[in-house]
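A short worksheet on the structure shown next.
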Amino acid sequence: MGFGELQAFLDRGGPVLLVIMATTFVMWALILERLFYFRFAHKQVAAEAIAEWRSRSDRKSKLAHWVREKLVSEVRAKAEQNVQLTKAMVALAPLLGLLGTVTGMVAVFDIMAITAGADAKAMSAGVSRATIPTMAGMVASLSGILFTSGMDRTVNRSVQRVEDSMEID
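Position in the sequence shown (first residue = 1) + 8 = this note's numbering.
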């Protein structure tokens, strides 16, 4: 698909398609950031928290339990960073697609009112403007859902490993 074909596709989808495209770009930038975090930084964050816990001489007192909870919470917060925002974008994509459907159908109804239904070519452009954003919103959302469900499991497993590594005397 060349640049001209991409431009024509974006034109057929209307302005909402550009918003869906921008939302999807940001969503995938956040997804890639999380993948890089777990690939390159999370092990170090977890190791530092575990080392800090193990360096404590007191691991029995109420204060020690609070310190342990704090360390685990910090690891969880770093692991979950931007995951909720990504989930929001996953939920937003089909809603933006629905907005594109509504605006496209309004265009169809305008054309029908002006031409009394005689201009089928103009009506098909409106229908295209209604369906393309819906499809794009669903594709964006589905791709994000696959990530967020896997990321939730990854976060929970990694935090549980950190918690299990912090033995209580």
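The beta-carbon is built from N, C-alpha and C at its ideal position, and this holds for glycine as well. None of these values were measured; they are calculated from a predicted model.
Handout entry: N-terminal and C-terminal residue of the alpha helix (DSSP H) that residue 108 is part of
Key = Walking along the sequence shown from the start, residue 108 turns up at place 100. Run containing residue 108: 91-123, per the alpha helix (DSSP H) assignment.
Handout entry: Endpoints, alpha helix (DSSP H) assigned at residue 56
Key = The residue you call residue 56 lines up with position 48 of the sequence shown. The continuous alpha helix (DSSP H) containing residue 56 extends over residues 50-62.
Exercise for the section: Spatial neighbours of residue 2 within its chain, please: CB distance less than 7 Å, with the 5 preceding and 5 following residues excluded, ordered by chain position. Expected result: The requested residue 2 is not part of the displayed model; the chain covers only 9 to 177.
Exercise for the section: Apply the 10 Å Cβ neighbour rule to residue 50 and answer buried if 16 or more other Cβ atoms are within range, or exposed otherwise. Expected result: Stepping through the sequence shown from its first residue, residue 50 is reached at position 42. Taking all protein chains in view, the Cβ of residue 50 is crowded by 16 or more other Cβ atoms within 10 Å, so the residue is classified as buried.
Handout entry: Proximity winner among 155, 138, 93, relative to residue 109 (alpha-carbon distances)
Key = As a first step, residue 109 must be located in the sequence shown, where it is residue number 101. Nearest C-alpha to residue 109 among 155, 138, 93: 138.
Practice task
Please confirm whether any heavy atom of the ligand HEM lies closer than 6 Å to the CB of residue 98.
Solution key: Inclusion of the ligand HEM in the displayed structure is not the case, the ligand content being empty and no account of it being possible.
Problem - Assigned exposure category for residue 150 - 16 Cβ within 10 Å defines buried - result: Here residue 150 corresponds to residue number 142 of the sequence shown, with the count starting at 1. When all chains shown are included, residue 150 counts as exposed.
Practice task
Decide if the region 53-60 is in contact with the region 92-101; the criterion is three or more beta carbon pairs, one per stretch, under 8 Å apart.
Solution key: When Cβ pairs closer than 8 Å are counted between the two stretches, the region 53-60 is seen not to touch the region 92-101, the count staying below three.
Problem - chain C within 7 Å of residue 162, Cβ atoms only - result: Reference to chain C is not applicable here, since this structure consists of a single protein chain.
Practice task
Excluding the 5 residues preceding and the 5 following residue 34 in the sequence, name in chain order all residues of the same chain whose CB lies nearer than 7 Å to its CB.
Solution key: Taking the first residue of the sequence shown as position 1, residue 34 is located at position 26. Cβ contact annotation for residue 34 (same chain, cutoff 7 Å, sequence separation greater than five): 97, in chain order.
Exercise for the section: Please state if the CB of residue 174 and the CB of residue 74 are separated by a distance shorter than 7 Å. Expected result: Counted from its first residue, the sequence shown places residue 74 at position 66. Counted from its first residue, the sequence shown places residue 174 at position 166. No, Cβ-Cβ distance for residue 74 and residue 174 is not below 7 Å.
Problem - Close beta carbons around residue 48, own chain, < 6 Å, minus the five adjacent residues each side - result: Against the sequence shown, residue 48 aligns to sequence position 40. Non-local beta-carbon contacts of residue 48 in its own chain, meaning distances under 6 Å to residues more than five positions away in sequence, are absent.
Handout entry: residue 134 beta carbon less than 7 Å from that of residue 158
Key = As a working note, residue 158 is residue 150 in the sequence shown. As a working note, residue 134 is residue 126 in the sequence shown. Cβ atoms of residue 158 and residue 134: not closer than 7 Å.
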